[in-house]
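A.B. asks: Line by line, the protein sequences are chains A and B. Note that the first sequence covers residues 1 to 304 in the numbering used here. Note that the second sequence covers residues 305 to 632 in the numbering used here. Built from N, CA and C at the ideal position, the CB exists for glycine as well. Because the structure is a prediction, the values reported are computed rather than measured.
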Amino acid sequence: MMLQPIMDGLVNGAIIGLGAIGVTLTYAILRFANFAHGELLSWGAYLALTVSGALGALLPGLGTPLGPFSFGWSVPIAMAGSILLTAALTLAVDWLLFGRLRRSGAVTIILVMASFGAALALRNLLEFAYTSSPKYFSNALQISREILPGLRATPDQLLVVALGVVLVVLVHLLLTRTAAGRSMRAVSEDPQLSALVGIDTRAVIRMVWVLGAALAAVAGIMSGVVVQIRPTMGHDLLLPLFAAAILGGIGSVPGAMLAGLIVGLAEALTVQLIGAEWRAAVSFVILVAVLLLRPQGIFGKVTA
Amino acid sequence: MIDLLSYAAFFLTMALTYAVICLGLNLQWGQTGLFNVGVAGFVAVGAYVSAILTTPPIDGRIGGFELPMVVGWLGGGLAAGLLCLGIGALTLRLRSDYLAIATFGAAVVIQLALLNLEGLTGGPFGVGFIPRPFGSLQGDADLFALANLLVMIVTVLLCYLALEHLVRSPWGRVLRALREDETAARALGKNPVTYRLQAFAIGGFVMGLGGAAQGHFIGFIAPDNYLPILTFQVWTMLIVGGSGNMRGAILGAVLVWAIWAVSGSAVSALFPTEQQARAASLQIVMIGAALCAVLLLRPRGLLGEAGTLRRRKTRTAPKISEGTETNA
Numbered sequence: 001m002m003l004q005p006i007m008d009g010l011v012n013g014a015i016i017g018l019g020a021i022g023v024t025l026t027y028a029i030l031r032f033a034n035f036a037h038g039e040l041l042s043w044g045a046y047l048a049l050t051v052s053g054a055l056g057a058l059l060p061g062l063g064t065p066l067g068p069f070s071f072g073w074s075v076p077i078a079m080a081g082s083i084l085l086t087a088a089l090t091l092a093v094d095w096l097l098f099g100r101l102r103r104s105g106a107v108t109i110i111l112v113m114a115s116f117g118a119a120l121a122l123r124n125l126l127e128f129a130y131t132s133s134p135k136y137f138s139n140a141l142q143i144s145r146e147i148l149p150g151l152r153a154t155p156d157q158l159l160v161v162a163l164g165v166v167l168v169v170l171v172h173l174l175l176t177r178t179a180a181g182r183s184m185r186a187v188s189e190d191p192q193l194s195a196l197v198g199i200d201t202r203a204v205i206r207m208v209w210v211l212g213a214a215l216a217a218v219a220g221i222m223s224g225v226v227v228q229i230r231p232t233m234g235h236d237l238l239l240p241l242f243a244a245a246i247l248g249g250i251g252s253v254p255g256a257m258l259a260g261l262i263v264g265l266a267e268a269l270t271v272q273l274i275g276a277e278w279r280a281a282v283s284f285v286i287l288v289a290v291l292l293l294r295p296q297g298i299f300g301k302v303t304a
Numbered sequence: 305m306i307d308l309l310s311y312a313a314f315f316l317t318m319a320l321t322y323a324v325i326c327l328g329l330n331l332q333w334g335q336t337g338l339f340n341v342g343v344a345g346f347v348a349v350g351a352y353v354s355a356i357l358t359t360p361p362i363d364g365r366i367g368g369f370e371l372p373m374v375v376g377w378l379g380g381g382l383a384a385g386l387l388c389l390g391i392g393a394l395t396l397r398l399r400s401d402y403l404a405i406a407t408f409g410a411a412v413v414i415q416l417a418l419l420n421l422e423g424l425t426g427g428p429f430g431v432g433f434i435p436r437p438f439g440s441l442q443g444d445a446d447l448f449a450l451a452n453l454l455v456m457i458v459t460v461l462l463c464y465l466a467l468e469h470l471v472r473s474p475w476g477r478v479l480r481a482l483r484e485d486e487t488a489a490r491a492l493g494k495n496p497v498t499y500r501l502q503a504f505a506i507g508g509f510v511m512g513l514g515g516a517a518q519g520h521f522i523g524f525i526a527p528d529n530y531l532p533i534l535t536f537q538v539w540t541m542l543i544v545g546g547s548g549n550m551r552g553a554i555l556g557a558v559l560v561w562a563i564w565a566v567s568g569s570a571v572s573a574l575f576p577t578e579q580q581a582r583a584a585s586l587q588i589v590m591i592g593a594a595l596c597a598v599l600l601l602r603p604r605g606l607l608g609e610a611g612t613l614r615r616r617k618t619r620t621a622p623k624i625s626e627g628t629e630t631n632a
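Here you go:
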């Protein structure tokens with residue numbers, strides 16, 4: 001009977017973890033807490049909804065559910081489209097706002113504040129365009145199946161967890177095994193020194209935005225598939241994202257994912273034991289506990 | 305004509321409650337460089353604590369002590385200040401943006417607590433029957449509005465003079481020194497964490513005071529008044545007015561509140577009822593874009609910080625300005 005919340009926690013935790021990877025990378029390489037990252041999840045979901053809606057209208061066959069899942073081919077195609085569009089959006093925001101502030105030598109905190117302003121503008125733009133009523137990728141109802149005795153999950157939920165694991169492994173390999181990943185880690189260690197040895201810092205920054213946006217879009221779409229799409233979905237996830245990024249240790253991709261799962265599980269247990277109304281407080285409690293006990297996080301270095 | 309006068313008085317009274325909150329934020333951000341993203345939460349704590357202390361008792365709700373309003377306002381300020389002290393103690397030793405994340409989280413939890421601790425806060429229904437200053441004058445609308453405005457003018461003036469005095473004192477100079485060059489200030493034996501913590505707590509007290517005042521002028525408070533948009537409005541006020549400048553904080557509060565009120569009534573006049581929620585979100589988009597634009601184009605706001613001007617003077621005549629600074 002305690003198994004069911006674990007399933008819900010894993011699904012939510014995978015979504016939080018994917019979003020937190022973007023937060024942790026932005027924090028480690030661009031060196032500021034990006035309050036607009038949550039909005040990238042929402043934008044990713046709405047952009048995918050728009051693309052899949054258009055596809056469904058043009059080619060109704062694409063809307064037929066795929067195998068056991070609740071959605072048809074239109075959603076995976078829309079996901080690819082949304083990743084590109086969300087990445088373009090972040091690059092545009094960086095070009096318009098963060099890049100200019102960086103070049104003018106603004107201190108960290110001005111960047112944080114600008115991200116706060118950008119978050120409000122981006123979120124309310126969604127609310128203006130799509131209204132605040134919840135939307136869904138598909139109206140198909142899914143029946144959860146018993147995987148283990150006492151543990152039920154829908155195929156969609158299992159897909160979310162699997163996709164989360166695959167993406168974390170891929171990002172981890174990208175960071176540790178490729179030249180691009182090495183340059184990203186170098187910049188996070190010491191921006192000046194890496195610029196000196198010939199690493200193109202601007203290319204690294206673009207890479208961070210694109211990677212963070214792509215993961216955020218996937219996380220937003222997954223949240224839309226298993227829950228619903230709302231303009232405030234990213235904002236509601238922002239505190240869990242920060243809690244996971246800090247718990248995992250700033251800059252650590254596996255740490256962010258593991259911590260995302262911990263936050264997701266803690267939320268699910270709180271819903272079970274205390275009540276759903278206090279769910280949003282869990283991340284704050286975790287955050288405070290980490291700040292008190294181990295500010296560098298699980299995998300962080302002491303100096304971080 | 306008379307109506308216009310009492311509306312103007314009411315409008316200015318509200319604007320000045322924001323000015324108090326903005327002055328508190330100016331001590332935290334403008335003088336000390338502490339980024340507080342949970343303004344709405346601290347304002348809410350001030351408003352609720354003052355309301356609980358001063359309202360008449362109600363069945364099924366803790367509180368309702370019917371204490372004098374002054375006690376309520378000070379209590380609200382103290383509660384917000386203590387909360388700031390706690391959060392500051394937790395984060396001020398760490399990287400600067402940890403404070404931002406922690407205050408953001410605190411505001412989320414405060415919002416949850418307001419909604420769910422029904423026995424204390426009235427839950428989603430909020431707290432009503434909050435006594436208004438000079439309630440005995442309520443029969444005469446104009447006199448009542450002017451008396452309220454007077455209370456607020458005196459409050460803003462007191463906060464302004466107290467903060468201006470603090471900021472000009474040696475204590476205030478240490479704050480700015482820490483903000484500009486922590487290593488140098490540390491070398492002079494100033495402990496950055498202690499000073500920042502003091503500034504953060506005093507700023508929180510002023511914010512709570514502003515929140516308490518606001519609650520008493522509206523006469524009713526509910527969790528919906530303390531959404532992140534409030535934090536955002538206060539920030540815009542400070543940035544537009546000129547952070548680091550106490551007069552800028554007051555000017556920004558009145559100006560941005562005027563723009564907000566005018567654009568709000570334009571939205572309700574121009575758009576049909578069913579489109580108003582959409583138009584209101586567009587209003588927020590525009591203010592968000594405006595904040596980013598001010599950060600990019602005129603980061604010092606309308607009235608820049610007085611200190612930067614002084615520094616320029618120092619370069620030309622170091623000895624004289626050194627003398628005036630120690631006398632000030």
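Quick one: is B/Thr395 near chain A, going by C-beta distance under 8 Å?
C.D. replies: yes
A.B. asks: Give a yes or no on contact between the segment 61 to 68 of chain A and the segment 238 to 252 of chain A, applying the rule of three or more CB pairs nearer than 8 Å.
C.D. replies: no
A.B. asks: Of all the CB atoms in chain B, is at least one closer than 8 Å to the CB of A/Pro60?
C.D. replies: no
A.B. asks: Using 8 Å as the threshold, is the C-beta distance between B/Gly379 and B/Ser400 below it?
C.D. replies: Between B/Gly379 and B/Ser400, the gap from beta carbon to beta carbon reaches 8 Å or more.
A.B. asks: Give me the chain A residues within the contact set of B/Ser585, using Cβ-Cβ distance strictly less than 7 Å, ordered along the chain.
C.D. replies: Asn124, Glu127, Phe128
A.B. asks: According to the neighbour-count rule (16 or more other Cβ atoms, all chains shown, within 10 Å of its Cβ), is B/Asn495 buried or exposed?
C.D. replies: exposed
A.B. asks: Any beta-carbon of chain A closer than 8 Å to the one on B/Asn495?
C.D. replies: Using a CB distance cut-off of 8 Å, B/Asn495 does not count as an interface residue toward chain A.
A.B. asks: For the structure I just gave you, are there three or more beta carbon pairs, one from the segment 576 to 588 of chain B and one from the segment 381 to 390 of chain B, closer than 8 Å?
C.D. replies: no
A.B. asks: Please name the residue in B/Arg604, B/Val566, B/Gly605, B/Leu599 whose C-alpha comes closest to that of B/Gln587.
C.D. replies: Scanning B/Arg604, B/Val566, B/Gly605, B/Leu599 for the CA closest to the CA of B/Gln587 turns up B/Val566.
A.B. asks: Just to make sure I have the definition right: I need the residues of chain B whose C-beta is within less than 9 Å of the C-beta of A/Thr232. Which are they?
C.D. replies: Within 9 Å Cβ-Cβ: nothing; A/Thr232 doesn't reach chain B, min ~10 Å.
A.B. asks: So the candidates are B/Val374, B/Leu416, B/Leu600, B/Asp307; which of them puts its Cα closest to the Cα of A/Ser283?
C.D. replies: B/Leu416
A.B. asks: Compute the distance between the beta-carbons of B/Cys388 and B/Ala553, then report whether it is under 8 Å.
C.D. replies: no
A.B. asks: Per DSSP, what kind of secondary structure is B/Val566 in: helix, strand or coil?
C.D. replies: helix
A.B. asks: Assuming B/Val497 and B/Arg397 make a contact with CB atoms under 8 Å, what is their CB distance in whole Å?
C.D. replies: With 8 Å as the limit, B/Val497 and B/Arg397 qualify as a contact, their Cβ atoms being about 6 Å apart.
A.B. asks: In chain order, which continuous runs of the beta strand (DSSP E) of length 3 or greater are located wholly inside the segment 406 to 455 of chain B?
C.D. replies: none
A.B. asks: What separation, rounded to the nearest whole angstrom, lies between the Cα atoms of A/Ile15 and B/Ala481?
C.D. replies: Approximately 43 Å, taken between the alpha carbons.
A.B. asks: Identify every residue that forms a DSSP beta bridge with A/Arg152.
C.D. replies: Answer is A/Glu146.
A.B. asks: Counting pairs of beta carbons, one from the segment 34 to 52 of chain A and one from the segment 217 to 228 of chain A, are three or more of them closer than 8 Å?
C.D. replies: The segment 34 to 52 of chain A makes contact with the segment 217 to 228 of chain A, as at least three CB pairs between them are under 8 Å.
A.B. asks: With 8 Å set as the bound, which would you pick, yes or no: does the beta-carbon of A/Phe32 sit closer than that to a beta-carbon of chain B?
C.D. replies: yes
A.B. asks: Taking the straight line between their C-alpha atoms, what separation do you get for A/Leu291 and B/Thr395?
C.D. replies: 7 Å
A.B. asks: So, is the C-beta of B/Gly295 closer than 8 Å to a C-beta in chain A?
C.D. replies: The first residue shown for chain B is 305 and the last is 632, placing residue 295 of chain B beyond what the model contains.
A.B. asks: Assuming B/Gly519 is part of the alpha helix (DSSP H), what are its boundary residues?
C.D. replies: 496 to 522
A.B. asks: If contacts are defined as beta-carbon pairs under 8 Å, then B/Val560 and B/Val544 qualify, I think. What distance do you get, rounded to the angstrom?
C.D. replies: Contact flag correct, Cβ pair sits at about 6 Å.
A.B. asks: Just to confirm, is the Cβ distance from A/Thr90 to A/Ala259 under 8 Å?
C.D. replies: The answer is no: Cβ separation not under 8 Å.
A.B. asks: Using a Cβ-Cβ cutoff of 9 Å, what residues of the segment 563 to 585 of chain B are near chain A? List them in chain order.
C.D. replies: Answer in chain order: Ala581, Arg582, Ala583, Ala584, Ser585.
A.B. asks: Does the structure place the segment 508 to 518 of chain B close enough to the segment 339 to 349 of chain B that three or more beta carbon pairs sit under 8 Å?
C.D. replies: yes
A.B. asks: Quick check on A/Ile274: buried or exposed, where buried means 16 or more other Cβ atoms within 10 Å of its Cβ?
C.D. replies: exposed
A.B. asks: Can you find a CB in chain B that lies within less than 8 Å of the CB of A/Val112?
C.D. replies: yes
A.B. asks: Locate the alpha helix (DSSP H) running through A/Thr108, then write down its first and last residues.
C.D. replies: Per DSSP, A/Thr108 belongs to the alpha helix (DSSP H) from 108 to 130.
A.B. asks: Run through chain A and tell me which residues come within less than 8 Å of B/Ser547, C-beta to C-beta.
C.D. replies: Near B/Ser547 there are no residues of chain A at all, since even the closest Cβ is about 10 Å away, more than 8 Å.
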